[in-house]
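J.:
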Amino acid sequence: MSSKAGYHGVVLSVDLSTGKSQKIPIPPEDFDNFVGGQGLGIKILWDRLKRPGVDALSPENPLLFMPGPFSGLPVPSSSRTCVVTKSPITAPRKSDHSHASTVTYSNMGGFFGPEIRFAGYDGIVITGKAPALSYLVIDDAKVEIRDAGKFKGMRTDAFDRAILEELGDRKFKTVYIGPAGENLVPYSSILHTAGRAAGRGGSGCVMGSKNLKAIAVRGTGQPGVADHAGFLSALEKARKVLNGSAYAKSWAEQGTARGIVGNSKAGTESVRNYREGTFSEAEKIGGEAARRDVWVRDIACYCCPLACKKSGMTRGKYGGVVHDGPEYETGVMLGSNLLISDMAGLLKAITTIDDLGLDQISTGNVIGFLMEAYERGMISRSFLDGIDLKWGSVDATLAMIEKIAAKEGVGALAAEGVRALAWQIGKGSEKFAIHVKGLELAAHNIQANPPRGLSYATASRGACHMSGDSAAMQNRRAMLDSTGMCFFPTFEPALEEPMLSLLSAITGRTFDKAEFEKTGERIFNLEKMFNYREGFRREDDRLPDRFFEDAFTVGPKKGAVLDRDLFETTLTEYYRERGWDPKTSSPEKVKLKELGLDGLSS
Amino acid sequence: MKANDEGGYSRRQFLKGCGLGAGSLVLLGQFGIHSAAWALSGEPVLKMVLVDYSKCTGCRTCETACSASNHPVPVGGKELPGLGNPYYANIRLHNFNPDVDVANVCAMCADTPCVRACRVEPDGETGRRALYRDEATHTIRNDSARCIGCRSCAWACASQRTGTISPNPATGKPERMCTLCGGDPQCVKKCPFSALSYVEVRNNRKFYGQGPEKIAAQLARNWYGTADFGGLK
Ligand code: SF4
Ligand code: SF4
Ligand code: SF4
Ligand code: SF4
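What follows is the structure, given as structure tokens:
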């Protein structure tokens, strides 16, 4: 029995270099202060990496799989796992430390986080490097590292089947990398159920650097709760709010894909490498078209009443099984952003990217950058190994995706992301290399959406569309991603009260709105402390020049462009609100003290 | 007919309640052809949890609801539903790639291959083997005191029907037979997608009594034009 209600009280720590694993107790105050998921992940990362400049791809960098206090309990949409590690992608403009990078976190749905808790842990911490490609099997208390030599180079869809065949039981929940992760492409993802991914920030690359192909978990237990009766009644309330509600139904209908047409109409979509906010052919790749031509069923994550994942099939030249998509991010990054409007072709690109284990967002962004550089004559066809990388070309996009995952020819440079490409190409291409701190922006364009620009500029992992458009939103989001609950049901405002009651009943600690936000603020500030220690300063919280110079030329937001002075003023206000020094972005002592983080500062 | 819904209803009660003999037509109207056939044939009316695979999203809420209600815990002197550890659920989701999810639950077979496979001789008084159909609830139950843990029932169920029986890994004794929650199936109530219903057993329904792999293969062929799930059976 753990000393802290709602938790097992331990994480499983596995050192792949020695092959040893052990349960490590987590101090109860860390659960109180950092909750789980993203928050507890960053705390463990902070504790383990005591100095800046640790190479993200070194054995020392821990790779964390973090469920939250909701995980493993039948809380609606409590499906998320947060993968936390030090980023192999980001870098400050200058730093005293050669391998300086931010924290990174990537959040995925499905069934993995709950299964970690069924197996008896509040998280998995991987360090070291296996001598050869391996996979990890966690069967309740039994932990085993096995040889994965025969799976080397295997794509994720085939591997998803092969690993279960090898394990002999479908009840194992698995996460794995594809060829891209094995090849150490920085923006590699970690896949789960062949169609769900911890995509952003390069966690798949860190996993690859550890020679870890996969983790399989199976468990029979469950954590307890502090207030059983309170939990049951709050659970009923939460279910009542969501189950069969108008909101749940509308979300199930198209999932995030609704935004493909919606945001195009609003002028907030990433189109033509962020040059425009509206795509005239968005309807062809939107949710309605997918519902009509592609999707055959709605799929839910653990205990989720929303079911926004869609699977289906396409026919013809690009035909095949579609595990997921288009979603908003994948549909826009590989569709609108590349001017691809052929639904089957788009889905082939999305499926291929997942199959190779790349991040959809960075991949789409990189290809968009190359298409623009090619169109402008900054790079030649021979630079692209003969690929005629024209806007809208599915075949060229597919060829490029393969090159990147294999790091072959032009793919070796493209695998390093748009920042590296712009350095190499020069000729002013930096202006349209759309990244922050080295991480590529996502499918939300910002000329007509300044608050989202702030999210990209100030997020802890580099350009992140999910971070939150204000300090308060960032705090709430960081906290939510620490609980194990998905973001999407929280669009339903009536869920907030039962959600807080559930959290309180599980942990025995009263979470009201204020405490929820304060805890998120603590988490966000610890991330900032980490990044600041690495050398990230105000000048790193900047946006690419395109957003201040290239006004939209089409769509309802035609003429929209960001104002540099306004952006700087907003940034200064943001730091002030945060209690950070507006000059350097350093968190002030008073703030750290208020959050109980002063003891941690180094 | 509340009594009928609750499942604890014998053929004799049924006949009495309907005044059978005189009014078999009334009976037909009220209960449908299958109940009528049952009443006349002397078979007990059986009810089951039916899955609509086209509505099921694989969310596993049913597993948690089943486990919570069938594994209550004492809290402050009261029995409360448990926390819903899906490991103990009598309805279980089987996931496949390409994406097919099959909720698997006892089909309440009229001919009970599981019971017939039980190696324990029928008890002189009750006529029960270690595995038996409960007279009141019509569900399959195990008398663990007499069960020898030979797994014959599980094997029979897996090879001929749904495979819902899962022998306890330590004792080999059968578990996960649906209890119908005493006539108020919680999985049906809690499914967020209305994919489950509580209905009379009819063995001519599509997929009736089939194992998850078989069902998944048919669904996958329909949905994706392929049923290649890899080698795992
Ligand atoms: S609760 Fe309903 S939708 Fe969810 S897995 Fe069970 S049957 Fe399927
Ligand atoms: S499904 Fe299996 S357990 Fe249920 S009655 Fe049929 S054979 Fe017995
Ligand atoms: S395991 Fe028990 S119930 Fe099943 S057949 Fe053997 S003795 Fe009968
Ligand atoms: S009816 Fe009750 S026992 Fe049977 S599967 Fe549903 S919840 Fe479980």
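So the protein sequences, as listed, match chains A and B.
So in my numbering, spot 31 of the first sequence is number 31, and the numbers just go up one at a time.
Quick note: to get my numbering, add 602 to the position in the second sequence (first position is 1).
In this text, a Cβ means the ideal position worked out from N, Cα and C, and glycines have one as well.
All values reported here derive from a predicted model rather than from experimental measurement.
Whose C-alpha, out of Leu358(A), Asp293(A) and Leu389(A), is nearest the C-alpha of Leu338(A)?
T.: With distances taken between Cα atoms, Leu338(A) lies closest to Leu389(A).
J.: Note down, in chain order, all residues in the segment 59-73 of chain A with a beta-carbon under 7 Å from any beta-carbon belonging to chain B.
T.: Cβ contacts with chain B: Leu73.
J.: Just curious, the beta strand (DSSP E) that Arg146(A) is in, first and last residue?
T.: That run of the beta strand (DSSP E) goes Lys142 to Asp147.
J.: May I have the straight-line CA-CA distance separating Tyr274(A) from Asn445(A), to the nearest angstrom?
T.: Rounded to whole angstroms, Tyr274(A) to Asn445(A) spans 6 Å at the Cα level.
J.: Which runs of the beta strand (DSSP E) spanning at least 3 residues fall entirely within the segment 104-177 of chain A, listed in chain order?
T.: Complete beta strand (DSSP E) runs here, min 3: 124-127, 134-139, 142-147 and 173-176.
J.: Gly679(B) to Ala238(A), Cα distance in whole Å?
T.: Those two C-alpha atoms are separated by around 26 Å.
J.: Pull up the distance between the alpha-carbon of Pro92(A) and that of Gln474(A), whole angstroms please.
T.: If I take the Cα positions, the gap works out to 21 Å.
J.: According to the neighbour-count rule (16 or more other Cβ atoms, all chains shown, within 10 Å of its Cβ), is Thr828(B) buried or exposed?
T.: Exposed, since its Cβ has fewer than 16 Cβ neighbours within 10 Å.
J.: In the DSSP assignment, what are the bridge partners of His740(B)?
T.: According to DSSP, which records beta bridges pairwise, His740(B) is partnered with nothing at all.
J.: Can you confirm whether the segment 360-380 of chain A touches the segment 286-296 of chain A when touching is taken to mean that 3 or more C-beta pairs between the two stretches lie within less than 8 Å?
T.: Result no; under three Cβ-Cβ pairs closer than 8 Å.
J.: Just checking Arg807(B) against ligand 2 - is the residue's beta carbon closer than 7 Å to any of the ligand's heavy atoms?
T.: No, the beta carbon of Arg807(B) sits no closer than 7 Å to any heavy atom of ligand 2.
J.: So, at 7 Å on beta carbons, what are the nonlocal neighbours of Leu836(B) in its own chain, with the 5 sequence-adjacent residues on each side left out?
T.: Missing from the structure shown is residue 836(B); chain B here goes from 603 to 835 and no further.
J.: Kindly list, in the order they appear in chain B, the residues whose Cβ is closer than 9 Å to that of Phe118(A).
T.: Within chain B, the residues near Phe118(A) are Asn687, Pro688 and Tyr689.
J.: Closer than 7 Å to a non-hydrogen atom of ligand 1 - does that hold for the CB of Val366(A)?
T.: Answer for Val366(A): no, Cβ out of range of ligand 1.
J.: Excluding the 5 residues preceding and the 5 following Val185(A) in the sequence, name in chain order all residues of the same chain whose CB lies nearer than 7 Å to its CB.
T.: Closer than 7 Å at the Cβ level, and outside the excluded window around Val185(A), lie Cys205, Leu358, Ile404, Ala405, Lys407 and Ala415.
J.: When DSSP labels each residue in this structure, what does His444(A) get in the three-state scheme?
T.: Strand at His444(A).
J.: Taking 7 Å as the cut-off, does the CB of Pro787(B) come closer than this to any heavy atom belonging to ligand 4?
T.: It does: the Cβ of Pro787(B) is within 7 Å (strictly closer) of some heavy atom of ligand 4.
J.: Among the residues of its own chain, which have a CB less than 6 Å from the CB of Met378(A), if the five just before and after it don't count?
T.: Same-chain partners within the cutoff: Ile425, Lys427 and Ser429.
J.: Residues around ligand 2, please: the ones whose beta-carbon is closer than 6 Å to some heavy atom of it, in chain order.
T.: So the residues near ligand 2 by this Cβ test are Cys708(B), Ala709(B), Met710(B), Cys711(B), Thr714(B), Pro715(B), Cys716(B), Ile742(B), Cys759(B), Arg763(B), Thr764(B), Thr766(B), Ile767(B) and Met779(B).
J.: Given that Tyr826(B) touches chain A, what residues does it touch there, using C-beta distances under 9 Å?
T.: Within chain A, the residues near Tyr826(B) are Val296, Ser311, Gly312, Met313, Gly320, Val321 and Val322.
J.: Within this structure, are the beta carbons of Asp169(A) and Arg509(A) separated by less than 8 Å?
T.: No, they are not a contact pair.
J.: Classify Thr352(A): buried if its beta carbon has 16 or more other beta carbons within 10 angstroms, exposed otherwise.
T.: By the neighbour-count rule (16 or more Cβ atoms within 10 Å), Thr352(A) is buried.
J.: Does the beta carbon of Val651(B) fall short of 7 Å from some heavy atom of ligand 4?
T.: Yes, the Cβ of Val651(B) comes within 7 Å of a heavy atom of ligand 4.
J.: So Pro715(B) and Gln762(B) are supposed to be a Cβ contact under 8 Å. How far apart are they, rounded?
T.: Between Gln762(B) and Pro715(B) the Cβ distance is about 5 Å, and since that is below 8 Å, they are a contact.
J.: Would the segment 383-403 of chain A count as touching the segment 221-230 of chain A if we require 3 or more Cβ pairs under 8 Å?
T.: With the cut-off at 8 Å, the segment 383-403 of chain A and the segment 221-230 of chain A do not touch.
J.: On the DSSP letters alone, give me the boundaries of the alpha helix (DSSP H) that Glu534(A) sits inside.
T.: Note, Glu534(A): alpha helix (DSSP H), Lys513 to Glu534.
J.: Helix, strand or coil: which one does DSSP assign to Tyr456(A)?
T.: Tyr456(A): helix per DSSP, three-state reduction.
J.: May I ask you to list the residues that DSSP assigns as paired with Ile215(A)?
T.: Paired residues: Leu136(A) and Val175(A).
J.: Looking at the C-beta of Gly234(A), does it have a partner C-beta in chain B at a distance below 8 Å?
T.: With the sequence shown as reference, residue 234(A) is identified as Ala, and Gly is not the correct amino acid for it. Not closer than 8 Å to any Cβ of chain B, the Cβ of Ala234(A) fails to qualify, so no.
J.: Where does Pro724(B) land, buried or exposed, given buried means 16+ other C-beta within 10 angstroms?
T.: Exposed, because fewer than 16 other Cβ atoms sit within 10 Å of the Cβ of Pro724(B).
J.: Tell me whether Gln22(A) is buried or exposed, calling it buried when 16 or more other Cβ atoms sit within 10 Å of its Cβ.
T.: So Gln22(A) counts as exposed.
J.: Just to confirm, are Glu269(A) and Gly277(A) a CB contact at a threshold of 8 Å?
T.: Cβ distance < 8 Å, so Glu269(A) and Gly277(A) count as in contact.
J.: Can you pull the chain A neighbours of Arg662(B), defined as C-beta to C-beta under 7 Å?
T.: Those are Tyr302 and Cys303, listed as they occur along chain A.
J.: Which residue spans inside the segment 367-413 of chain A form an unbroken alpha helix (DSSP H) run of at least 4?
T.: Listed in chain order, they are 394-406.
J.: Starting from the beta carbon of Arg196(A), find every residue of chain B whose beta carbon is closer than 8 Å, and list them in chain order.
T.: The contacting residues do not exist; Arg196(A) stays about 11 Å from chain B at best.
J.: So which of Val704(B), Cys661(B) and Ile693(B) has the shortest CA-CA distance to Ile767(B)?
T.: Looking at the Cα atoms, Ile693(B) is the closest of the given residues.
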